[in-house]
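Following: one structure in structure tokens, then a few remarks.
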Amino acid sequence: MIESPWYQERWGDRFQLAGDQNQKNRFENSATGYRVVVPMSSGTGERGDYVICDDPHSVDQAESDAERRAAVEWWNGSMSTRLNDFSTGHKVVIQQRLHEDDLTGDLLAKGGYELLCLPAEFEPERRCSTSIGWTDPREEFGQLLWPEKVTKADLESLKVTLGSYRFSGQYQQRPSPAGGGMLKKYWWKYWQPKGVNLGPVMIKLPDGKVEQRMPVTLPDRFDIVVQSWDMSFKDTKHADFVAGLVLGAVGADRFVLDTEHARMDLPETLMAVRRMSARWPNAQMKLVEDKANGPAVIQSLRHEIGGFVEVKPEGGKVSRDAAAAPLLESGNWYLPHPRLFEWVASFIAELGAFPSGAFDDWVDAWSQAAKRLMYVQPKKQHQSYTSRTFRPAKRPG
């Protein structure tokens, strides 16, 4: 561009490219300015007034935890430090959103960066404004960003070609679709205890409309009540969560009743299983995935509590949860009314973000129970419910 007649006619008298430093990966000009390009994962011994990263994650590698972390660590530990002057220099990251834990997600969580987000189809609740006074001028839901260049028909075709995940990341700048990824947020129904009227739950549908969904009354008897656990190794701030669920089945309907969810070490995990078992004595079957601390928990509690069933996962996470997704889509799955417990919103968000979310512990606990409950035989179990039964469990943290 600099060598083009258009540029030279206007600004060519100000500087020229240096003849011996005019390459694709490096060029300098006669005014001591320069631009250096380095590939991802490599370093540079030079500094600049602008350090710019373009597309740190490829579409093919975004689902790899190792590849994603490598890109984040490369930027945070190397490239972002290469400014001439930290008080006046600028760091810029340009990318499509492919995962909640991608580089943009990491930078937004840590702070210190300003976000410019321009979805191809406008979403009013995500209207972007910047510190220089600019605000996305669009008003209507679905209004196009650049209709002269990318038409509605173009976008509809891309939705089919790319699928909901990739379209959401590449064109809407969402790590997962607005209505949820594989496990749609609007598929859930809700329950409330007998004698309680908590009012409707407001459900946002994919077309932007809002639906009022009335909760059903929780049954006082189930065909079966089970616990389902996904264990982790450590309780460090970067470790996965331990997720335990209590679920009840009656006929074709399935109810999520309770949870334990926190970062825990092994002794804390044992206490969580004990608490859950005390609250739900009829949840005699306890599904535990054969990974992390799962075998140690079973070994420690087998003769104290009993009822443990070791689950050996088959296939990858995505394939396992894809098998469970139709069970949720069928409309037979119920969560507590969100006004009952604060954790319900976090639960919906985690399952809705899968497989591009930061965490999947609740996802794993739910999917292994969902698959097991497909084979329930009617056998009524009575559970006496009190206000204590439905006390809030630990919040994520």
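Per our numbering: the sequence shown ends with 1249, consecutive numbering throughout.
Think of the CB as a built atom: it goes at the ideal place given N, C-alpha and C, for glycine as much as any other residue.
Less than 8 Å between C-beta atoms, sequence neighbours within five positions excluded: which residues of the same chain meet that for residue i?
{"i": "D865", "result": "none"}
{"i": "R1154", "result": "F1160"}
{"i": "T1003", "result": "L996"}
{"i": "M1128", "result": "Q1079, G1096, V1098, D1110, E1112 and A1135"}
{"i": "W1062", "result": "Per the sequence shown, residue 1062 should be read as Val rather than Trp. Closer than 8 Å at Cβ, skipping near neighbours: M1054, I1055 and K1056."}
For my contact list, residue i and residue j are in at a C-beta cut-off of 8 Å; report their separation, rounded to the angstrom.
{"i": "L1187", "j": "V1098", "result": "The Cβ separation is near 12 Å, so there is no contact."}
{"i": "A1217", "j": "W1081", "result": "6 Å"}
{"i": "V1094", "j": "T1121", "result": "5 Å"}
{"i": "F1206", "j": "V1196", "result": "Actually they are not in contact, since the Cβ atoms of F1206 and V1196 sit about 16 Å apart, beyond 8 Å."}
{"i": "W1039", "j": "E1181", "result": "5 Å"}
{"i": "V911", "j": "R1018", "result": "7 Å"}
{"i": "Q948", "j": "F974", "result": "No, Q948 and F974 are not in contact; Cβ-Cβ is about 18 Å, not under 8 Å."}
{"i": "R920", "j": "D954", "result": "6 Å"}
{"i": "P908", "j": "V945", "result": "7 Å"}
{"i": "G1047", "j": "L950", "result": "No, G1047 and L950 are not in contact; Cβ-Cβ is about 47 Å, not under 8 Å."}
{"i": "V1163", "j": "L1139", "result": "5 Å"}
{"i": "M1273", "j": "G1159", "result": "Lying outside 853 to 1249, the shown extent of the chain, residue 1273 is not represented and no answer is given."}
{"i": "P1165", "j": "E1141", "result": "6 Å"}
{"i": "A1175", "j": "K1223", "result": "7 Å"}
{"i": "R1191", "j": "L968", "result": "The Cβ separation is near 36 Å, so there is no contact."}
{"i": "V1068", "j": "A1135", "result": "About 21 Å; that fails the 8 Å criterion."}
Leaving out five residues before and five after residue i in sequence, what residues of the same chain have Cβ atoms less than 7 Å from its Cβ?
{"i": "Y965", "result": "L959"}
{"i": "M931", "result": "V903 and C905"}
{"i": "A1177", "result": "M1034 and L1035"}
{"i": "R1065", "result": "K1041, Y1042, P1052, V1053 and I1055"}
{"i": "D1105", "result": "N1184 and Y1186"}
{"i": "M853", "result": "Y859"}
{"i": "F1211", "result": "D1092, F1093 and E1202"}
{"i": "S1239", "result": "At S1239, the pLDDT of 45 sits below 50, so the modelled position is not reliable; the number obtained from the coordinates is stated separately. Excluding sequence neighbours, S1239 sits near nothing in its chain."}
{"i": "Q1220", "result": "S1080, L1139, E1141 and V1163"}
{"i": "R990", "result": "F974"}
{"i": "A922", "result": "S893"}
Got a sec? Which residues, its chain only, sit under 6 Å from residue i by beta carbon, not counting five neighbours each side?
{"i": "G1249", "result": "Confidence is the limiting factor: at G1249 the pLDDT is only 46, short of 50, which leaves the residue's position unreliable and the question unanswerable from this model."}
{"i": "N936", "result": "R899 and D901"}
{"i": "Q913", "result": "E919"}
{"i": "V889", "result": "N877"}
{"i": "L1014", "result": "none"}
{"i": "G1060", "result": "F993"}
{"i": "L1070", "result": "W1043 and P1045"}
{"i": "Y1023", "result": "A972"}
{"i": "V1102", "result": "P1071, F1074 and D1075"}
{"i": "K943", "result": "V903 and S932"}
{"i": "S981", "result": "T987"}
Do the CB positions of residue i and residue j come within less than 8 Å of each other?
{"i": "E855", "j": "A870", "result": "no"}
{"i": "P971", "j": "L997", "result": "yes"}
{"i": "G1096", "j": "Q1079", "result": "yes"}
{"i": "D1213", "j": "D1092", "result": "yes"}
{"i": "W926", "j": "S882", "result": "no"}
{"i": "M1226", "j": "G1146", "result": "no"}
{"i": "V1149", "j": "V1125", "result": "yes"}
{"i": "R862", "j": "T896", "result": "no"}
{"i": "E1075", "j": "V1170", "result": "It is Asp, not Glu, that sits at residue 1075 in the sequence shown. No. Outside cutoff."}
{"i": "G1209", "j": "S1028", "result": "yes"}
I want to check one thing, is the minimum distance from the CB of residue i to the heavy atoms of the ligand GTP below 7 Å?
{"i": "I1200", "result": "Among the components of this structure there are no ligands whatsoever, and the ligand GTP is therefore not found."}
In chain order, which beta strand (DSSP E) runs of at least 3 residues are fully inside the stretch 1125-1164?
-> Entirely contained in the stretch 1125-1164, the beta strand (DSSP E) runs reaching 3 residues are, in chain order, 1137-1141 and 1160-1163.
Go through the stretch 921-978 residue by residue and report every complete run of the alpha helix (DSSP H) that reaches 4 residues or more, in order.
-> Complete alpha helix (DSSP H) runs here, min 4: 955-962.
Every unbroken beta strand (DSSP E) inside the stretch 887-913 [3 residues or more] = Those beta strand (DSSP E) runs which fall completely within the stretch 887-913 and span 3+ residues are 902-906.
Whole beta strand (DSSP E) runs in the stretch 980-1040 with 3 or more residues, listed along the chain?
-> Fully enclosed beta strand (DSSP E) runs of no fewer than 3 residues are not present anywhere in the stretch 980-1040.
Which runs of the beta strand (DSSP E) spanning at least 3 residues fall entirely within the stretch 1046-1113, listed in chain order?
-> Within the stretch 1046-1113, the complete beta strand (DSSP E) segments at least 3 residues long are 1053-1056, 1062-1065, 1076-1082 and 1094-1102, listed from N- to C-terminus.
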